[in-house]
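Under my numbering, the first residue of the sequence shown carries the number 3, and numbering increases by one thereafter.
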Amino acid sequence: MTIAIESPQGDTCSLAYVGSSLIRALEANGHAPIAIPSRAFDPTTAPAAVLRAYARHRDLRRNRRLIVDRSLRYGLHHHGDSMRARTRAVLVYWDSDHMPASFARYLSAFDELFGISTFVADVMRAATGRDVGILHHGIWPDECTYAPPPDGPFRFLHLGQVDARKATDVLLRAFVAAFPAREAVRLTIKCGPGQVAAARTLHQVHARGDDRVEVIGEHVHRHDLSAYFQAAHAVVLPSRCEGFGLVGLEALAHGRTVIAHGFSGPLDYLDASDCTIVPSSGKVPAPLYPGFAREPDFDALVAALRAVAADRDAACRRGAAARARVLPSWSWVDRVGAWANPGSARHAA
Numbered sequence: 003m004t005i006a007i008e009s010p011q012g013d014t015c016s017l018a019y020v021g022s023s024l025i026r027a028l029e030a031n032g033h034a035p036i037a038i039p040s041r042a043f044d045p046t047t048a049p050a051a052v053l054r055a056y057a058r059h060r061d062l063r064r065n066r067r068l069i070v071d072r073s074l075r076y077g078l079h080h081h082g083d084s085m086r087a088r089t090r091a092v093l094v095y096w097d098s099d100h101m102p103a104s105f106a107r108y109l110s111a112f113d114e115l116f117g118i119s120t121f122v123a124d125v126m127r128a129a130t131g132r133d134v135g136i137l138h139h140g141i142w143p144d145e146c147t148y149a150p151p152p153d154g155p156f157r158f159l160h161l162g163q164v165d166a167r168k169a170t171d172v173l174l175r176a177f178v179a180a181f182p183a184r185e186a187v188r189l190t191i192k193c194g195p196g197q198v199a200a201a202r203t204l205h206q207v208h209a210r211g212d213d214r215v216e217v218i219g220e221h222v223h224r225h226d227l228s229a230y231f232q233a234a235h236a237v238v239l240p241s242r243c244e245g246f247g248l249v250g251l252e253a254l255a256h257g258r259t260v261i262a263h264g265f266s267g268p269l270d271y272l273d274a275s276d277c278t279i280v281p282s283s284g285k286v287p288a289p290l291y292p293g294f295a296r297e298p299d300f301d302a303l304v305a306a307l308r309a310v311a312a313d314r315d316a317a318c319r320r321g322a323a324a325r326a327r328v329l330p331s332w333s334w335v336d337r338v339g340a341w342a343n344p345g346s347a348r349h350a351a
């Protein structure tokens, strides 16, 4: 079966990283995937599997055989088709509880619909009235290297975008409320270079410039993010809505306990045995999306930060348990293999 992936690819952003991971995982499952070129492609940041997938696309064009058995589009909505496929699938991320009719009509053009989490699949199902599968994101176990949490002050990590959807404002307010007596705790806000100014403004407005908060905005390659997980004792994912929340899963795979808002995509991989799940306090308009998200309960988040920091040994044990739980079952190879080879003995369970 010939399979084509139409998505951004490379290491320039999270969308491109997911696109590259889809291609790498297909190749690891014995396929020879075809990568359909996108405007965002940067060959200097693409893994070897993606370059091989681009070469296959060039061969198809050269031989005028621009049709494949199955295609999967991710993150390039409303782009025109550049390759014909006998079966066309789309993989959707979505960050609110409502999908408008206009987007549902767009989805009607595809033969197969997949969401990146149970939450997204449910939203898609409600909007389209169709069957919707789930194709989760995953982790590359060899890239999630473990190191014991460091000595020194207890350090929380908030990694990724900084904005209203990620509830960076709530976390900053909760941090200073949880530790008002200048306790020896730290919070690292790791974002991209383009968000440093926004992060520093949020720091001033919501944490009163507390010098225990560090904003880091340097660009690093995806595989170099391990150093940030390893430098932390716990990772905080308080987002008002997450289609999946890959950072949370990667934190668990690195052996770090996670404090997360118990709404939307992360619920697929969170477990109360090794994570602290913060409840919602009510509906709020979803940032950047139609529909609603949920507000993480502020008092519960404050209490969670205090409790996790108060028992470093417990945080380490829970992180180790989380790593043991997710590594065997959340690899990209297995998650994509279940999609590409649904009837195989390896993925039948």
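For every residue, glycine included, the Cβ atom is placed at its ideal position computed from N, Cα and C.
V310 and A317 - do their beta-carbons sit closer together than 7 Å? yes
Does DSSP put A379 in a helix, in a strand, or in coil? Examination of residue 379 is not possible in this model, given that the chain is present from 3 through 351 alone.
Let me know the alpha helix (DSSP H) ranges lying completely inside the stretch 127-210, each 4 residues or longer, listed in chain order. 170-180, 198-209
Kindly give me the distance between the Cβ atoms of V304 and A166, rounded to whole angstroms, as I take these residues to be in contact under 8 Å. Contact flag wrong, Cβ pair sits at about 19 Å.
Report the rounded CA-to-CA distance for A34 versus D144, giving the unit in angstroms. 22 Å
Could you pull out every residue in the same chain whose Cβ sits closer than 6 Å to the Cβ of K192, ignoring the five residues on either side in sequence? L161, I218, Y230
Three-state secondary structure assigned by DSSP to T46: helix
May I have the straight-line CA-CA distance separating D270 from V286, to the nearest angstrom? 22 Å
On the three-state DSSP scale, how would you describe S23? helix
Quick check on A350: buried or exposed, where buried means 16 or more other Cβ atoms within 10 Å of its Cβ? Unreliable positioning characterises A350 in this predicted model, as indicated by a pLDDT of 41, which lies under 50. The coordinate reading is nonetheless provided below. Exposed is the call here.
Grab me the residues of E252's own chain with a C-beta within less than 8 Å of its C-beta, minus the 5 sequence neighbours each way, in chain order. I141, C146, L227, F231
Would you mind working out which of R64, H59, R41, S22 sits nearest A48, comparing C-alpha positions? S22
With DSSP as the reference, identify every bridge partner of I279, one or two as the case may be. A262
Drop a sphere of 10 angstroms on the beta-carbon of H79, count the other beta-carbons inside from all chains shown, and report buried for 16 or more, exposed for fewer. exposed
Among F105, V70, M101, D99, the one whose alpha carbon lies nearest that of R88: V70
Restricting to Cα atoms, I'd like to know which of V172, G77, G117, V222 is closest to A209. V172
Is I5 near R64, with beta carbons less than 7 Å apart? no
Beta-carbon spacing of T239, G257 below 7 Å: The sequence as given places Leu at residue 239; Thr does not occur at that position. Going by C-beta atoms, L239 is not nearer than 7 Å to G257.
What residues match up with E29 in a beta bridge as DSSP calls it? Per DSSP, none; premise fails for E29.
Quick one: grab the DSSP three-state call for S16. helix
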